[in-house]
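Letter by letter, the sequence shown follows residues 4 to 307 in the numbering used here.
All residues carry an ideal CB built from backbone N, CA and C; glycine is no exception.
Working notes, structure below.
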Amino acid sequence: MASTKPLAKKIWLNGKLVSWKNANVHVLTHALHYGSAVFEGIRFYSTPKGPAIFRLDDHINRLFSSASVLDMKVPFTKKQIRKAVIDTVRVNKLTEGYIRPLIFYGAKALGLDPRNIPVEVTIIAIPFPRLFAKKTIKVKTSSFIRLHPHSTIASAKISGHYVNSILASMEAKKAGYDEALMFDFKGNIAEGSGENFFLVKNNVIKTASLEDILPGITRASLIKVAIKLGYEVDEAELDEHDIATCDEAFFSGTAAEITPISKIDDVLINEGKVGDVTLRLQEKFYDIVHGNDNQYEGWLTYVR
Ligand SMILES: Cc1ncc(COP(=O)(O)O)c(C=O)c1O
């Protein structure tokens, strides 16, 4: 049964815009049993020229590359999905929000190998406020490690991967924190449950290298912006020592945007205040996504 409280008027499902209550799948859906789906999270923001989707083509490219990891024969082209995303935002008359394209193996059989199962696609656009309704968050290092790079293809945004994130996030929240920070199998900092991690030390911005994390589109955007602002950015192996000695820390992600971190376990960061570098990047980010920085206009797709 669909939720009784619609979050959107229309949902795009397999080529058609359907009502909230008709956007349903069968219980035999392969993805429901095994996590055999891939997805994206995309934000769109209000700008002086109407709503604009941030880095739409990069998200669609990542979506299709995730789908190819699961050998999915997507029954739509990138161009069709791009148009469908724009149509879905437009038809719901939203000015700001979050878009969730999901490609999944549908309902036909129960065996693990899904390659003969039809591939279905849905696109959901909903209002979406700040992920964390506070200025800074408290983070707990997780007892769950990020998926081993040889256990999966970490760069693909596969639904099944998110059980790892769910466990880490629940553990952190049960312990009174806002979010989890996971390490990799080598003991280096990997990422949050749905965010990439950055820290600042002596004005140098550092973030985990791409080996076993999701290559975040916000992460890549921030690296570019930070370098243009004149900062040195170091993609490195970071560990607990870097947490203990950093000046600032923050998460980046489509949902989390730029979320300053005030505490990691018992370590208070920048006396619990948002650091100068974090603040500068955060302000620049909001200028860009709200269409107030011409330099990055190419990252915006206007919904007209
Ligand atoms: C595990 C994980 N890491 C990082 C990110 C940040 O990626 P992006 O900036 O592309 O949203 C996300 C969100 O998509 C995520 O789920």
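{"Item": "Relative to the C-alpha of His33, which residue among Arg118, Glu274, Asp245, Ala258 is closest?", "Value": "Arg118"}
{"Item": "I'd like to check one pair, Ala40 with Ser162: are the Cβ atoms closer than 7 angstroms?", "Value": "yes"}
{"Item": "Taking the C-alpha atoms as reference points, what is the distance between Lys24 and Pro9?", "Value": "8 angstroms"}
{"Item": "Please report whether the beta-carbon of Ser22 lies at a distance below 7 angstroms from any beta-carbon of chain C.", "Value": "The displayed structure is made up of one protein chain only, and chain C is not part of it."}
{"Item": "For my contact list, Leu225 and Ser255 are in at a C-beta cut-off of 8 angstroms; report their separation, rounded to the angstrom.", "Value": "6 angstroms"}
{"Item": "I need the boundaries of the alpha helix (DSSP H) containing Ser39, first residue and last residue.", "Value": "No alpha helix (DSSP H) contains Ser39, which DSSP labels as neither H nor E."}
{"Item": "Could you check if Thr248 belongs to the surroundings of ligand 1, using beta carbon to heavy atom distance under 6 angstroms?", "Value": "no"}
{"Item": "Is DSSP giving Glu174 helix, strand or coil here?", "Value": "helix"}
{"Item": "Below 8 angstroms on the Cβ atoms is my guess for Lys13 versus Asn95; work out the distance and round it to an integer in Å.", "Value": "6 angstroms"}
{"Item": "Are the stretch 135-155 and the stretch 55-63 touching, with three or more C-beta to C-beta distances below 8 angstroms?", "Value": "no"}
{"Item": "Can you give me the C-alpha to C-alpha distance between Glu260 and Val77, rounded to a whole angstrom?", "Value": "29 angstroms"}
{"Item": "Indicate the three-state DSSP secondary structure (helix, strand or coil) for Phe201 in the structure shown.", "Value": "strand"}
{"Item": "With DSSP as the reference, please indicate the residues paired to Arg46 in a beta bridge.", "Value": "Tyr101"}
{"Item": "Along the alpha helix (DSSP H) that carries Tyr289, what are the first and last residues, could you check?", "Value": "279-292"}
{"Item": "Would you kindly report the start and end of the unbroken beta strand (DSSP E) that includes Ala193?", "Value": "192-195"}
{"Item": "Which residue spans inside the stretch 59-128 form an unbroken alpha helix (DSSP H) run of at least 4?", "Value": "59-72, 81-94"}
{"Item": "Roughly how many angstroms lie between the CA atoms of Ile89 and Lys82, to the nearest whole one?", "Value": "11 angstroms"}
{"Item": "Taking the alpha-carbon positions, what's the Tyr3 to Val277 distance?", "Value": "Nothing about residue 3 can be read from this structure; the chain reaches only from 4 to 307."}
{"Item": "Since I believe Asp187 is in contact with Arg149 (beta carbons under 8 angstroms), could you give me their beta-carbon distance rounded to a whole number of angstroms?", "Value": "5 angstroms"}
{"Item": "Using the Cα positions of Ser265 and Asp237, report the straight-line distance between them to the nearest angstrom.", "Value": "21 angstroms"}
{"Item": "Where Gln285 and Pro132 are concerned, what is the direct C-alpha to C-alpha distance, given to the nearest angstrom?", "Value": "16 angstroms"}
{"Item": "On the three-state DSSP scale, how would you describe Tyr165?", "Value": "helix"}
{"Item": "Tell me whether the beta-carbon of Val280 lies closer than 7 angstroms to the beta-carbon of Val207.", "Value": "no"}
{"Item": "Can you give the beta carbon distance from Glu240 to Asn191, rounded, assuming they're within the 8 angstroms contact cut?", "Value": "5 angstroms"}
{"Item": "Between Val122 and Ile106, how many whole angstroms is the CB-CB distance? I'm expecting something under 8 angstroms.", "Value": "6 angstroms"}
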